[in-house]
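Under UniProt numbering, the first residue of the sequence shown carries the number 1, and numbering increases by one thereafter.
For each residue, glycine too, the CB sits at the ideal point set by N, CA and C.
Remember, predicted model here, so these are calculated numbers, not experimental data.
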Amino acid sequence: MNTLAVFGIENLEQEWARTILNVLLLVAAVLYLALIFWTFADARRRIDDPLLVACATLASFFPFIGTIVYLIVRPPEFLDDVRLRELEMTAAEARLANLDYHLCPHCDYEVQADYLRCPSCMRKLKERCYSCSKPIDPAWRICPFCEAETSAPSPSATTTRRRRRQTTDQSTVAAEIAQPEPAEAGTGETSRRRRR
């Protein structure tokens with residue numbers, strides 16, 4: 001029985017043609033087995049679930065087509081790269097948390113921790129301790145540096161750390177325009193703000 005009859009070749013009389021065909025079949029078989037092994041090894045490096053690794057390997061048993069399908073649907077990154085990126089992100093977040101980085105709660109300008117006022121919007125950020133002159137938070141009742149008691153925080157002193165959204169509805173604007181403003185120094189002129 002002729003082993004090449006499976007491929008549609010029935011009478012191959014010359015020995016060199018038969019040898020070339022056998023070598024080509026051997027190369028195809030080795031390539032097929034190498035693709036199965038490569039798919040298994042690559043799936044183990046990219047997929048964490050052993051069941052999916054087994055499915056990818058079984059798909060590669062379909063000659064050449066299974067490996068091509070695996071190449072299309074495989075994850076784009078290796079598991080080691082994903083873990084390294086997550087570790088770098090965690091380290092970067094920890095470094096940022098340890099930095100002495102502060103923003104003005106009113107204008108988001110970068111300020112230092114000991115600033116009393118924001119250099120950009122000129123709003124008061126901290127109070128000065130009357131005893132040691134160090135900057136303290138307006139909500140504190142005692143200075144942590146000299147233990148001197150401060151006055152009770154006033155409602156204007158307790159600032160919120162979030163920027164407030166200024167909302168003006170039409171009724172508020174209409175009420176402000178309708179109110180007459182006092183005349184300037186007896187000249188009878190309205191203020192410049194109202195003219196604008």
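- Taking 8 angstroms as the cut-off, the Cβ atoms of Ile47 and Pro75 count as close.
- At a Cβ-Cβ threshold of 8 angstroms, Ala113 and His106 do not count as neighbours.
- Pairing Cys121 with Cys132 gives a Cβ-Cβ distance that is not under 8 angstroms.
- Residue burial is scored here from C-beta neighbours: Tyr70 has at least 16 other C-beta atoms within 10 angstroms and is therefore classed as buried.
- As computed with DSSP, His102 is found in a beta bridge with Val111.
- Just measuring C-alpha positions, the residue of Tyr32, Val73, Leu84 sitting nearest Phe64 is Tyr32.
- Residue burial annotation: Ser151 is exposed, with fewer than 16 other C-beta atoms found within 10 angstroms of its C-beta.
- The Cβ neighbour count for Ala43, taken over all protein chains shown within 10 Å, is at least 16; the residue is labelled buried.
- When the Cα atoms are used, Ala92 and Asp80 turn out to be separated by approximately 18 angstroms.
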